[in-house]
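There are 2 protein chains.
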Amino acid sequence: MTLAVPSFDDICDAAARIAPYAHVTPVMLHFKCENLQRGGAFKFRGACNAVWSLDDEQAKRGVVTHSSGNHGNALALAAATRGITAHVIVPEGAVRAKLEAIERAGAVLHRCAATQAAREAKAAEVQQATGAELVHPYTDPRVMAGQGSLVRELLNQSGGLDALITPVGGGGLASGCAIAAHAWLPQLALYAAEPEGADDAARSLAQGARVGSFVPDTVCDGLRTLLGEPNFEVLRAHRVEVITVSDAQTIAAMKLLWRELKQVIEVSSATVLAAVLQRPQLFAGKRVGLVLSGGNVDLDALPW
Amino acid sequence: MTLAVPSFDDICDAAARIAPYAHVTPVMLHFKCENLQRGGAFKFRGACNAVWSLDDEQAKRGVVTHSSGNHGNALALAAATRGITAHVIVPEGAVRAKLEAIERAGAVLHRCAATQAAREAKAAEVQQATGAELVHPYTDPRVMAGQGSLVRELLNQSGGLDALITPVGGGGLASGCAIAAHAWLPQLALYAAEPEGADDAARSLAQGARVGSFVPDTVCDGLRTLLGEPNFEVLRAHRVEVITVSDAQTIAAMKLLWRELKQVIEVSSATVLAAVLQRPQLFAGKRVGLVLSGGNVDLDALPW
Numbered sequence: 001m002t003l004a005v006p007s008f009d010d011i012c013d014a015a016a017r018i019a020p021y022a023h024v025t026p027v028m029l030h031f032k033c034e035n036l037q038r039g040g041a042f043k044f045r046g047a048c049n050a051v052w053s054l055d056d057e058q059a060k061r062g063v064v065t066h067s068s069g070n071h072g073n074a075l076a077l078a079a080a081t082r083g084i085t086a087h088v089i090v091p092e093g094a095v096r097a098k099l100e101a102i103e104r105a106g107a108v109l110h111r112c113a114a115t116q117a118a119r120e121a122k123a124a125e126v127q128q129a130t131g132a133e134l135v136h137p138y139t140d141p142r143v144m145a146g147q148g149s150l151v152r153e154l155l156n157q158s159g160g161l162d163a164l165i166t167p168v169g170g171g172g173l174a175s176g177c178a179i180a181a182h183a184w185l186p187q188l189a190l191y192a193a194e195p196e197g198a199d200d201a202a203r204s205l206a207q208g209a210r211v212g213s214f215v216p217d218t219v220c221d222g223l224r225t226l227l228g229e230p231n232f233e234v235l236r237a238h239r240v241e242v243i244t245v246s247d248a249q250t251i252a253a254m255k256l257l258w259r260e261l262k263q264v265i266e267v268s269s270a271t272v273l274a275a276v277l278q279r280p281q282l283f284a285g286k287r288v289g290l291v292l293s294g295g296n297v298d299l300d301a302l303p304w
Numbered sequence: 001m002t003l004a005v006p007s008f009d010d011i012c013d014a015a016a017r018i019a020p021y022a023h024v025t026p027v028m029l030h031f032k033c034e035n036l037q038r039g040g041a042f043k044f045r046g047a048c049n050a051v052w053s054l055d056d057e058q059a060k061r062g063v064v065t066h067s068s069g070n071h072g073n074a075l076a077l078a079a080a081t082r083g084i085t086a087h088v089i090v091p092e093g094a095v096r097a098k099l100e101a102i103e104r105a106g107a108v109l110h111r112c113a114a115t116q117a118a119r120e121a122k123a124a125e126v127q128q129a130t131g132a133e134l135v136h137p138y139t140d141p142r143v144m145a146g147q148g149s150l151v152r153e154l155l156n157q158s159g160g161l162d163a164l165i166t167p168v169g170g171g172g173l174a175s176g177c178a179i180a181a182h183a184w185l186p187q188l189a190l191y192a193a194e195p196e197g198a199d200d201a202a203r204s205l206a207q208g209a210r211v212g213s214f215v216p217d218t219v220c221d222g223l224r225t226l227l228g229e230p231n232f233e234v235l236r237a238h239r240v241e242v243i244t245v246s247d248a249q250t251i252a253a254m255k256l257l258w259r260e261l262k263q264v265i266e267v268s269s270a271t272v273l274a275a276v277l278q279r280p281q282l283f284a285g286k287r288v289g290l291v292l293s294g295g296n297v298d299l300d301a302l303p304w
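Top line first, the protein sequences correspond to chains F and P.
Just so you know, we're using our numbering here: the first sequence kicks off at 1 and counts up by one.
Just so you know, we're using our numbering here: the second sequence kicks off at 1 and counts up by one.
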């Protein structure tokens, strides 16, 4: 006997027939792979927006920042796209591999002592000497706007979301995404994932006032920064809920992402999956966007 | 004054004007990311082809193999796509994570001692008891054919190649790709990258006769296998040139791929980039396809 099997037309008919009764089932987790962004992190978006927001006169005098991490590298790359000079202030003890990357991107390095005050003084000095425009890594509105540009891409790529999670450190990414997300989808639930050992954003939002200083203790090197003042205001206004995760949870999530997605992501990026795994009831049945913020890892110092 | 800038039409005109004189410059290195294949390795192609090549009667009796690595997992996944049973022979001392993956894929595990003879005896026993079809990891023509299926994709995706490099262990991938590549492009230069400490393919082709036994000593766990007999014949017929690389070169290439492509690839996969870096004069100006064979890495035992 011939076995009865449906034709393609039968399947199309079935789809129409069950549509009033059956759910359109969601794809649940959408990972936005900013580890594959230029420079290996979302930071290029903000730096690039800042560089191309300058008028020609200002652009000629270049840009300056005092981040030796992903933002410094991103600003160097962004400046190169416009053929202008980027000055990057580098504290003593910065990771050699990061400095080499910044130099390869064509930036001018300036050394200073490893304190916040020394960095800011040196940046002011370079500004005075060159007229370069300061591009702060997360409080600059042009930077926040640039970081927020990933939201529209993610909404298009995912076909819609119920919730969005970003990591939070200084808050440039979290605040830019909050503004963009609520402009497109006012009902979108917004979350920020933060290491327990650097939970100033969680504490700031809980007490309704920004924590002014803290000593970070977390393996997430990209998230040891104090939440910026404008960033705090945006997260509060948009009712972003912070989920704090332990370093152990984050490292386990990082390994899971490496093993299953085969993507090299940095430890800070794994906080977003750690948050989902910690609060499954919160995300059950939801279409969740997770921003994998970067992939710049010191392969000789993995956190496990 | 208004600066003179070209319009888009000007650029299209320029392209036509210079076309007779200027070179169409190539994209040089095309990495075929089989780490993102189902099961995290190219092995799924061959296993899947074998499973779907069976007639219904044979399929009902299932399939069996004696590989506890990527092929065992691939055969388990492939069998699941047809709803049939996969028997996987597992030697003592096999990596627990790999066994768990094979079990998750739905295969039946059979234990045996850690010798080649014990594996083959156990596979024969399972065959006898169940009637399952043996799917050898690299000498099976159906497996070679499946592995070769990536070549057409790569030619389409790259827009053309001058050379192709695969890793070589048992030779299922290298031989399948050689047959496919020369069918499409008879002039394509074919290379196989092999660890110095498991260079039986290089020695076999140099002496014109297959090396019958060797003791591998390489960090490339996926390439410790002796080149198969039919695989040897194919590599010889297609004049595949073997490039041997040291483990140190391979590990350096692996880190480079992780850092720059942000892709988790296993150490065996990095041999292909190590080969290019070792012989730059051979590949200068060529469009080179490099098969990144898999991404199943023990994150707790990285080779550096």
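Even for Gly, the Cβ is constructed at its ideal location relative to N, Cα and C.
Computed from a predicted structure; not experimentally measured.
Cβ of residue i within 7 angstroms of any chain F Cβ
i      : result
P/V264 : yes
P/N35  : yes
7 angstroms Cβ cutoff, residue i in contact with chain P
i      : result
F/W52  : no
F/L292 : no
F/K255 : yes
Beta-carbon neighbours of residue i, restricted to chain P and to distances below 8 angstroms
i      : result
F/G295 : K262
Proximity of residue i and residue j at Cβ, strictly below 7 angstroms
i      : j      : result
P/G208 : P/G40  : no
F/F283 : F/V272 : no
F/G159 : F/A180 : no
F/L306 : F/A198 : Given that chain F is displayed from residue 1 to residue 304, the structure contains no residue 306 of chain F and the question cannot be resolved.
F/P216 : F/A193 : no
F/G62  : F/A132 : yes
P/V64  : P/V151 : no
F/K262 : P/L36  : yes
F/A114 : F/P91  : yes
F/H66  : F/R119 : yes
P/I251 : P/L257 : no
F/L188 : F/V242 : no
F/V240 : F/L190 : yes
F/G285 : F/L164 : no
P/A59  : P/A86  : no
P/A129 : P/I89  : no
P/L161 : P/R287 : yes
F/H238 : F/A178 : yes
F/V267 : F/M254 : yes
First through last residue of the beta strand (DSSP E) which encompasses residue i
i      : result
P/R111 : V108 to C112
F/A163 : A163 to P167
F/A189 : A189 to P195
Interface residues of chain F facing residue i [CB-CB closer than 7 angstroms]
i      : result
P/R357 : A query on residue 357 of chain P cannot be resolved here, the shown segment of chain P reaching from 1 to 304 and no further.
P/G40  : K262
Contact list for residue i against chain F, beta-carbon separation under 9 angstroms
i      : result
P/W184 : The premise fails here: P/W184 is roughly 28 angstroms from chain F at the closest Cβ pair, so nothing lies under 9 angstroms.
Element boundaries [alpha helix (DSSP H), containing residue i]
i      : result
P/K255 : D247 to L261
F/G289 : Run containing F/G289: none in the alpha helix (DSSP H); it sits in the beta strand (DSSP E), V288 to L292.
P/V135 : Here P/V135 belongs to no alpha helix (DSSP H), and DSSP marks it neither H nor E.
P/A202 : D200 to Q207
F/C48  : K43 to S53
F/C177 : G172 to W184
P/I102 : R96 to R104
P/F31  : Element bounds for P/F31: not the alpha helix (DSSP H) but the beta strand (DSSP E), L29 to C33.
P/H71  : N70 to R82
P/T85  : P/T85 -> no alpha helix (DSSP H), and no H or E assigned at all.
Any contact between the region 35-55 of chain F and the region 66-81 of chain F? By contact I mean 3 or more CB pairs, one from each, below 8 angstroms.
yes
With a threshold of 8 angstroms, are at least 3 pairs of Cβ atoms found where one atom belongs to the region 1-17 of chain P and the other to the region 231-244 of chain F?
no
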